[in-house]
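Chemist:
Residue numbers (my numbering): 59 to 363.
1) From the DSSP secondary-structure annotation, give me the bridge partner or partners of residue 216.
2) Does the distance from the C-beta atom of residue 325 to that of residue 166 stay below 7 Å?
3) My understanding is that residue 202 touches residue 269, with C-beta atoms under 8 Å, so please give their C-beta distance in whole angstroms.
4) In terms of DSSP beta bridges, what is residue 202 paired with?
5) Any idea if residue 139 is buried or exposed, counting beta-carbon neighbours within 10 angstroms, 16 or more meaning buried?
6) Name the two residues that bound the continuous alpha helix (DSSP H) containing residue 238.
7) Would you mind reading off the limits of the alpha helix (DSSP H) that contains residue 130?
8) Give the DSSP-derived three-state secondary structure of residue 318 in the structure shown.
9) For residue 278, does the three-state DSSP call read helix, strand or coil?
10) Check whether the segment 329-336 touches the segment 212-225, counting contact only when three or more Cβ pairs, one atom from each stretch, lie closer than 8 Å.
11) Taking all protein chains shown into account, decide if residue 61 is buried (16 or more other Cβ within 10 angstroms of its Cβ) or exposed.
12) If you follow the alpha helix (DSSP H) that residue 73 is part of, which residue opens it and which one closes it?
13) For residue 336, does the count of other Cβ atoms within 10 angstroms reach 16, so buried, or fall short, so exposed?
14) Using only the alpha-carbon positions, how far apart do residue 64 and residue 193 sit?
15) Should residue 308 be labelled buried (16 or more other beta-carbon atoms within 10 Å of its own) or exposed?
16) Can you have a look at residue 318 and say buried or exposed, based on whether 16 or more other CB atoms are within 10 angstroms of its CB?
17) What first and last residue would you give for the alpha helix (DSSP H) that runs through residue 339?
18) Quick check on residue 72: buried or exposed, where buried means 16 or more other Cβ atoms within 10 Å of its Cβ?
19) Can you give the Cα-Cα distance for residue 98 and residue 67, rounded to whole angstroms?
20) Around the Cβ of residue 134, are there at least 16 other Cβ atoms within 10 angstroms (buried) or fewer (exposed)?
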């Protein structure tokens, strides 16, 4: 159902599988099939998670998987009730997103531009696009070549649930992608050798459908490889590698956009958030801007100054 009806990502489906398998093992020890579990079994399971020292956020995710599972069973008529409706989830404190300063991002970009060869050109394009758009890393590495229209000013991104959105590119990102496309074919498996031999098939030289092709099994750059490159880049830039990841750069994009006056609704659309509440976590960066606004605009603040 998650895959066919909701278009859930493979990682999301795997997370649900692990969470439900853990609950199934717990229920089996009580000689209960997971689909037959009642509210008491579910409460005992959550209590066991707490006793094991599991964080509230992880327990909440496990409960979310169970809610969806039993909602599905009820909707399909497998059982007549949904036992999760009487459960209260653990209270979680959502941590503030970690992000880099604008100066640190500039250091990363400068280090990428100093990276030699075609791999350096690719790294500049990846970094510029990520910082210009705030894409999820899974969206970035799996961008199809068709995501970049001929004029190159917007990206067409297919996000969670298969939903498409248009994301504008900055001028540096446009320029970086233009540079990348000039050397892109070097990363297409077998393309360079065929080009040298001038071997063509009936449909022309074999191309790749991906914007960032690779010799990996998926045909495009992997998240793990991009993460590895970012760590190496951070070390070269003098930024602690432990503070740098694709998701931190996504947070940095959102935080810096808000700090410079971006509209929260526009940011929500660019990030591909279904709920504005998810985007509101970035409003922590507005504190300094609001203080400056009050200091500059409030009549009493001006008199005291």
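Glycine included, C-beta positions come from ideal geometry on N, C-alpha and C. Since this is a predicted model, take the numbers as computed values, not measurements.
Modeler: In terms of the structure at hand:
1) Indexing the chain shown from 1 puts residue 216 at position 158. Residue pairing for residue 216: DSSP places it in a beta bridge opposite 222.
2) Here residue 325 refers to the residue found at position 267 when the chain shown is read from its first residue. Here residue 166 refers to the residue found at position 108 when the chain shown is read from its first residue. No; because the gap between Cβ atoms is not below 7 Å, this pair is not in contact.
3) As a first step, residue 202 must be located in the chain shown, where it is residue number 144. As a first step, residue 269 must be located in the chain shown, where it is residue number 211. 6 Å between Cβ atoms; contact.
4) What you label residue 202 is simply residue 144 of the chain shown in a count that begins at 1. Residue pairing by DSSP places residue 202 opposite 268 in a beta bridge.
5) One-based indexing of the chain shown puts residue 139 at position 81. When all chains shown are included, residue 139 counts as exposed.
6) One-based indexing of the chain shown puts residue 238 at position 180. For residue 238, the uninterrupted alpha helix (DSSP H) run begins and ends at 229-241, by DSSP.
7) For the purposes of this step, residue 130 is taken as residue 72 along the chain shown, with counting starting at 1. From DSSP, the alpha helix (DSSP H) with residue 130 extends over 114-133.
8) In the chain shown, counting from the first residue as 1, residue 318 sits at position 260. In the displayed model, residue 318 falls within coil according to three-state DSSP, outside both helix and strand.
9) Here residue 278 refers to the residue found at position 220 of the chain shown. Looking at residue 278 - three-state DSSP - the assignment turns out to be strand.
10) Yes, the segment 329-336 is in contact with the segment 212-225.
11) Translated into positions along the chain shown, residue 61 becomes position 3. Here residue 61 is exposed: its Cβ has fewer than 16 other Cβ atoms, across all protein chains shown, within 10 Å.
12) The sequence position of residue 73 within the chain shown is 15, counting from 1. Counting along the chain, the alpha helix (DSSP H) containing residue 73 begins and ends at 68-86.
13) As a first step, residue 336 must be located in the chain shown, where it is residue number 278. With fewer than 16 Cβ atoms within 10 Å of its Cβ, residue 336 is classed as exposed.
14) By 1-based counting over the chain shown, the position of residue 64 is 6. By 1-based counting over the chain shown, the position of residue 193 is 135. A direct Cα-Cα distance of roughly 20 Å separates residue 64 from residue 193.
15) Reading the chain shown from its first residue, position 250 is the one you call residue 308. So residue 308 counts as buried.
16) Taking the chain shown and counting its residues from 1, the one referred to as residue 318 is at position 260. Residue 318 is classed as exposed because its beta carbon has fewer than 16 other beta carbons within 10 Å across all chains shown.
17) Counting from one through the chain shown, the residue named residue 339 turns up at place 281. No alpha helix (DSSP H) contains residue 339, which DSSP labels as neither H nor E.
18) Here residue 72 refers to the residue found at position 14 of the chain shown. Classification of residue 72: exposed, given that the 10 Å Cβ count is below 16.
19) By 1-based counting over the chain shown, the position of residue 98 is 40. By 1-based counting over the chain shown, the position of residue 67 is 9. Answer to the nearest angstrom: the Cα atoms are 32 Å apart.
20) Mapped onto the chain shown, residue 134 falls at position 76. Answer is exposed; the Cβ neighbour count stays below 16.
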